[in-house]
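Position 134 of the sequence shown, counted from 1, bears residue number 130 in my numbering, the numbering being contiguous throughout.
The beta-carbon is built from N, C-alpha and C at its ideal position, and this holds for glycine as well.
Notes follow the structure.
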Amino acid sequence: RRYYPLYAACVELGVPFCTQVGHTGPMRPSETGRPIPYIDQVALDFPELAIVCGHIGYPWTEEMVAVARKHENVFIDTSAYTAARYPAALVEFMRAHGRHKVLFGSNYPMIAPAKALDGIEALGLDEATQAAFLSGNAARVFAL
């Protein structure tokens, strides 16, 4: 709740709130990166706030997908992962109900965009879903 003023400011300004979900890279506790209960609660308290959750929520990807499915205002970005490493739960979500909820991310400079796209054809996304994933969803969420 200490960040609620920040969320309120994002709502007031009409900008999405972007955050990292999943385990932390540094040697710090990862618990606050769990989608449930943390992202779930913020989405409940701020339904008008667009929340973009980076790093797909690993190792809690299924939780992240569940939260994105539950809340219209929650989105997932794939930064820090190459397409070949996306968990099956995320890929299935992208192919079905989540085609409008997942945004491409690279994590540049650690992973260059071209490297992040390695394996995208193997995901089996139809043309419209792939276009939404690569640019359309971000254009809509960020009002570009």
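Considering only the alpha carbon of each residue, which of Val17, Glu88, Ile47 lies closest to Trp56? Measuring from the Cα of Trp56, the nearest candidate turns out to be Val17.
Only counting runs of 4 or more residues, tell me where the alpha helix (DSSP H) segments fall wholly within the stretch 34 to 71, in order along the chain. Qualifying alpha helix (DSSP H) stretches, in chain order: 36 to 41, 57 to 66.
When Phe100, Gly50, Ala46 are compared against Tyr3, the one with the closest alpha-carbon: Checking every option, the nearest Cα to that of Tyr3 belongs to Ala46.
Option in Lys66, Val11, Ala135 with minimal Cα separation from Phe100: Per the Cα distances, Ala135.
Straight-line Cα distance separating Asp41 from Arg81: Using only the alpha carbons, I get a separation of about 32 Å.
In chain order, what residues of the same chain lie with their CB nearer than 6 Å to the CB of Asn103, ignoring the 5 residues before and after it? Correct list, in chain order: Ser75, Ala76.
Pro31 beta carbon less than 8 Å from that of Val7: In terms of Cβ geometry, Val7 and Pro31 do not form a close pair [threshold 8 Å].
In whole angstroms, what separates the C-alpha of Glu123 from that of Lys97? Straight through space, the alpha carbons of Lys97 and Glu123 are spaced by roughly 16 Å.
Measuring alpha carbon to alpha carbon, tell me which residue in Thr20, Met23, Leu9, Tyr34 is nearest Arg(-2). Closest option to Arg(-2), Cα to Cα, is Tyr34.
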